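Below is one structure, written out as structure tokens, with a few remarks after it.
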Amino acid sequence: MRKYRSRVQIMIDILEVIHEKGKARPTHILYGANLSHDRLKKYLKELEENGLIQRVNMESYVVYRLTSKGLRLLREYDKIKRFAEAFGIEL
Amino acid sequence: MIYRYLGLADLISGVIALVVSFSAYRCYAAVRDKRFLLLELSFLIMGLGMGMRGFSLMLASRRTTHITLMCILIEAMARILSYSILAVTYTMQLVSLGVALVGIYFLRIFIIDPIVDTIAIFLLSYVTFNIGMMLFRGKSKLTLIVFIAFTLLTLSHVFSIVGHHALSLFYLTLSYLTQLVSFILLLITLLKVG
Numbered sequence: 000m001r002k003y004r005s006r007v008q009i010m011i012d013i014l015e016v017i018h019e020k021g022k023a024r025p026t027h028i029l030y031g032a033n034l035s036h037d038r039l040k041k042y043l044k045e046l047e048e049n050g051l052i053q054r055v056n057m058e059s060y061v062v063y064r065l066t067s068k069g070l071r072l073l074r075e076y077d078k079i080k081r082f083a084e085a086f087g088i089e090l
Numbered sequence: 000m001i002y003r004y005l006g007l008a009d010l011i012s013g014v015i016a017l018v019v020s021f022s023a024y025r026c027y028a029a030v031r032d033k034r035f036l037l038l039e040l041s042f043l044i045m046g047l048g049m050g051m052r053g054f055s056l057m058l059a060s061r062r063t064t065h066i067t068l069m070c071i072l073i074e075a076m077a078r079i080l081s082y083s084i085l086a087v088t089y090t091m092q093l094v095s096l097g098v099a100l101v102g103i104y105f106l107r108i109f110i111i112d113p114i115v116d117t118i119a120i121f122l123l124s125y126v127t128f129n130i131g132m133m134l135f136r137g138k139s140k141l142t143l144i145v146f147i148a149f150t151l152l153t154l155s156h157v158f159s160i161v162g163h164h165a166l167s168l169f170y171l172t173l174s175y176l177t178q179l180v181s182f183i184l185l186l187i188t189l190l191k192v193g
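Just so you know, the sequences run in chain order A and B. Going by numbering that gives the first Met the number 0, the letters in the first sequence line up with residues 0 to 90, in that order. Going by numbering that gives the first Met the number 0, the letters in the second sequence line up with residues 0 to 193, in that order.
As structure tokens, this is what we get:
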């Protein structure tokens with residue numbers, strides 16, 4: 000059976016792509032996190048609103064970078080995942 | 000005298016429940032998943048209830064009997080509320096329709112004797128079954144510990160029923176000890192998670 004990624008897992012995938020590249024353009028995030036354009040826009044908006052990523056306008060393009068809150072979440076995610084797994088919650 | 004030790008066991012379990020609640024809150028604050036919020040709320044209510052009952056038992060005297068009885072009653076209601084929230088948490092991610100059907104089956108068995116412990120057993124059996132399903136799928140050691148913890152918590156209510164019906168102090172004490180061990184297991188899980 001095909002297992003779908005949860006909302007949280009998709010967000011973490013996006014944060015990981017941005018973290019790996021330092022600053023990432025939407026196209027890179029789209030391929031790296033394996034998302035459609037519409038869903039990427041929705042998730043980027045949510046991550047930005049939650050203060051996990053920051054949109055930086057360059058001269059002719061846009062890049063995203065992690066905020067300190069986003070970096071902290073990425074570091075703590077392993078613990079959160081283990082806690083959730085222990086209590087039988089699927090992330 | 001023994002009820003003071005039972006109160007202490009309750010108090011320790013209550014503090015551990017509050018630690019679990021705080022950990023769940025931290026997870027909720029990080030990823031905004033409602034299930035963590037419900038887990039937090041459930042253990043918060045459970046912890047406050049047990050802490051209150053523990054305190055009242057430890058400080059119980061002839062003059063405070065009515066306060067102790069009131070605390071025991073409030074704790075019982077808090078316990079049912081917290082287990083109900085836990086059941087809702089796991090219903091939000093039902094493994095399959097079969098899980099719901101098993102839940103209804105348990106409900107039909109236990110609803111004939113709707114006392115607090117029985118309702119608690121029904122709700123906890125449902126929660127334990129869900130965690131068991133996750134254990135079956137994931138085979139994680141931590142899930143196994145939590146599964147054992149919830150199984151023991153369910154057993155503690157079984158011992159409580161036996162203790163109350165048979166007026167046996169042994170089973171009543173066993174109920175408190177089983178509950179304490181289950182919360183210590185939850186604490187071990189938290190320590191292993193980091």
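C-beta: ideal position from N, C-alpha, C; glycine also. The structure presented is a predicted model; accordingly, all values stated were derived computationally and were not measured.
**Asked** In the structure shown, what three-state DSSP assignment does ARG64 of chain A receive?
**Response** Working through the first sequence from its first residue, we reach residue 64 of chain A at position 65. Here ARG64 of chain A carries a strand assignment [DSSP, helix/strand/coil].
**Message:** Suppose the cutoff is 6 Å on Cβ atoms and the five residues either side in sequence are ignored; what does the same chain contact list for GLY6 of chain B look like?
**Reply:** Here residue 6 of chain B corresponds to residue number 7 of the second sequence, with the count starting at 1. Once the five neighbours on either side are set aside, the close Cβ partners of GLY6 of chain B are GLY53, LEU56 and MET57.
**Prompt:** Per the contact definition of three or more C-beta pairs closer than 8 Å, is the segment 4–17 of chain A in contact with the segment 61–75 of chain A?
**Reply:** Yes, since at least three Cβ pairs between the segment 61–75 of chain A and the segment 4–17 of chain A fall closer than 8 Å, the two stretches touch.
**Asked** Since ARG38 of chain A is in the alpha helix (DSSP H), which residue starts that stretch and which ends it?
**Response** Translated into the one-based positions of the first sequence, residue 38 of chain A becomes position 39. First-last of the alpha helix (DSSP H) with ARG38 of chain A: 36–48.
**Request:** Give the residues from the segment 64–82 of chain A that approach chain B closer than 7 Å (Cβ to any Cβ), ordered along the chain.
**Result:** Only those residues of the segment 64–82 of chain A whose C-beta falls short of 7 Å from the nearest C-beta of chain B are listed: LEU72, GLU75, LYS78, ILE79, ARG81 and PHE82.
**Prompt:** With contact counted as at least three CB pairs below 8 Å, one residue from each stretch, are the segment 60–70 of chain B and the segment 26–43 of chain B in contact?
**Reply:** Segments in contact, no.
**Prompt:** Which residues of chain A have a Cβ atom closer than 9 Å to the Cβ of GLN92 of chain B, listed in chain order?
**Reply:** By 1-based counting over the second sequence, the position of residue 92 of chain B is 93. Correct list: GLY87, ILE88 and GLU89.
**Message:** Contact defined as beta carbons within less than 8 Å: I believe LEU51 of chain A pairs with LYS68 of chain A. What is the distance between those atoms, to the nearest angstrom?
**Reply:** Here the question's residue 51 of chain A lines up with position 52 in the first sequence. Here the question's residue 68 of chain A lines up with position 69 in the first sequence. About 6 Å; that satisfies the 8 Å criterion.
**Prompt:** Which residues of chain A have a Cβ atom closer than 9 Å to the Cβ of GLY13 of chain B, listed in chain order?
**Reply:** Numbered from its first residue, the second sequence carries residue 13 of chain B at position 14. Within chain A, no residue comes near GLY13 of chain B; the closest Cβ sits about 18 Å away, beyond 9 Å.
**Request:** Report the three-state DSSP secondary structure of GLN53 of chain A (helix, strand or coil).
**Result:** The residue given as residue 53 of chain A occupies position 54 in the first sequence. In the three-state reduction of the DSSP assignment, GLN53 of chain A falls in the strand class, which pools E and B.
**Message:** Rounding to the nearest angstrom, what Cα-Cα distance links VAL55 of chain A and CYS26 of chain B in this structure?
**Reply:** Counting from one through the first sequence, the residue named residue 55 of chain A turns up at place 56. Counting from one through the second sequence, the residue named residue 26 of chain B turns up at place 27. Distance between the alpha carbons of VAL55 of chain A and CYS26 of chain B: 28 Å.
**Asked** Distance, Cα to Cα, ILE113 of chain A vs ALA32 of chain A?
**Response** Absent from the structure is residue 113 of chain A, since the part of chain A shown begins at 0 and ends at 90.
**Item:** Chain-order list of residues whose beta-carbon lies under 7 Å from that of PRO113 of chain B (same chain, five-residue window excluded)
**Value:** Here residue 113 of chain B corresponds to residue number 114 of the second sequence, with the count starting at 1. Only weak support exists for where PRO113 of chain B lies, its pLDDT of 47 falling under 50; the value from the coordinates is given anyway. The beta carbon of PRO113 of chain B sits closer than 7 Å to no other beta carbon from its chain once the five residues preceding and following it are set aside.
**Prompt:** Rounded to a whole number of angstroms, what is the C-alpha to C-alpha distance between ILE144 of chain B and ILE187 of chain B?
**Reply:** Numbered from its first residue, the second sequence carries residue 144 of chain B at position 145. Numbered from its first residue, the second sequence carries residue 187 of chain B at position 188. Rounded to whole angstroms, ILE144 of chain B to ILE187 of chain B spans 8 Å at the Cα level.
**Message:** As a quick exercise: from B:TYR175, B:GLU74 and B:PHE146, pick the residue whose alpha carbon is nearest that of ARG3 of chain B.
**Reply:** Taking the first residue of the second sequence as 1, we reach residue 3 of chain B at position 4. It is B:TYR175.
**Message:** Any beta carbon from chain A within less than 9 Å of CYS26 of chain B's own beta carbon?
**Reply:** Position 27 of the second sequence, counted from the start, is the residue given in the question as residue 26 of chain B. Residue contact check for CYS26 of chain B against chain A: a CB pair falls below 9 Å.
**Item:** One or two residues paired with ALA23 of chain A in a DSSP bridge
**Value:** Here residue 23 of chain A refers to the residue found at position 24 of the first sequence. For ALA23 of chain A, which the question treats as bridged, DSSP gives the partners A:TYR63.
**Request:** Quick one: list the residues of chain B neighbouring ILE84 of chain A, beta-carbon separation under 7 Å, in chain order.
**Result:** Position 85 of the first sequence, counting from 1, holds the residue named residue 84 of chain A. The question names Ile, but residue 84 of chain A is Glu in the sequence shown. Ordered by position in chain B, the residues that pass the 7 Å Cβ test against GLU84 of chain A are GLY137, SER139, LEU141 and THR142.
**Asked** Where does ASP37 of chain A land, buried or exposed, given buried means 16+ other C-beta within 10 angstroms?
**Response** Sequence index remark: in the first sequence, residue 37 of chain A carries index 38 (1-based). So ASP37 of chain A ends up on the exposed side.
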